[in-house]
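**Student:** Take the sequence shown: its letters are residues 636 to 708, numbered as in this note's numbering. All C-beta atoms in this analysis are idealised placements derived from N, C-alpha and C, irrespective of residue type, glycine included.
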Amino acid sequence: MSQHNLASSPSQERLLTPAEVATLFRVDPKTVTRWAKAGKLTSIRTLGGHRRYKESEVRQLLKVSNPNQLGGN
636 MSQHNLASSP SQERLLTPAE VATLFRVDPK TVTRWAKAGK LTSIRTLGGH RRYKESEVRQ
696 LLKVSNPNQL GGN
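Right, here's the structure in full:
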């Protein structure tokens, strides 16, 4: 599964919100959520249940693909 609980994986890495990821890819935040559900991007859940994404993974994905390849709008 592509979700992790933030409490179980403490990391010093910067985490991005769906809106921040969406801005980088120039897509709607709901598209980012769909990518996570499809396993194209790993999501981490905060204690409040919100999704966050590792900046390093997002940056790597930016290098190798574009939103059309991921299914973005």
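(1) Which value, in whole angstroms, describes the spacing of the CA atoms of Y688 and T652?
(2) Look at the alpha carbon of S700 and the alpha carbon of L682, and state the distance between them as a whole number of angstroms.
(3) Less than 9 Å between CB atoms is the rule here; does S700 satisfy it with respect to chain D?
(4) Apart from the five residues just before and just after L650, which ones in its own chain have a Cβ nearer than 6 Å to its Cβ?
(5) With a threshold of 7 Å on Cβ separation, who are the neighbours of A657 within its own chain once the five nearest residues in sequence on each side are excluded?
(6) Let me know the secondary structure DSSP gives K665 once reduced to three states.
(7) Roughly how many whole angstroms lie between the Cα atoms of S678 and L659?
**Tutor:** Result, derived from the coordinates:
(1) Along the sequence shown, read from residue 1 onward, the residue named residue 688 stands at position 53. Along the sequence shown, read from residue 1 onward, the residue named residue 652 stands at position 17. Y688 and T652: Cα-Cα distance of roughly 7 Å.
(2) Along the sequence shown, read from residue 1 onward, the residue named residue 700 stands at position 65. Along the sequence shown, read from residue 1 onward, the residue named residue 682 stands at position 47. Approximately 30 Å between the Cα atoms of the pair.
(3) Checking the listed chains, one finds no chain D in this structure; it contains a single protein chain.
(4) Here residue 650 refers to the residue found at position 15 when the sequence shown is read from its first residue. The answer, listed in chain order, is R687.
(5) Here residue 657 refers to the residue found at position 22 of the sequence shown. Same-chain partners within the cutoff: D663, P664, T666 and V667.
(6) The count along the sequence shown starts at 1 and reaches residue 665 at position 30. Helix.
(7) The residue labelled residue 678 in the question sits at position 43 within the sequence shown. The residue labelled residue 659 in the question sits at position 24 within the sequence shown. Going by the C-alpha atoms only, they are around 16 Å apart.
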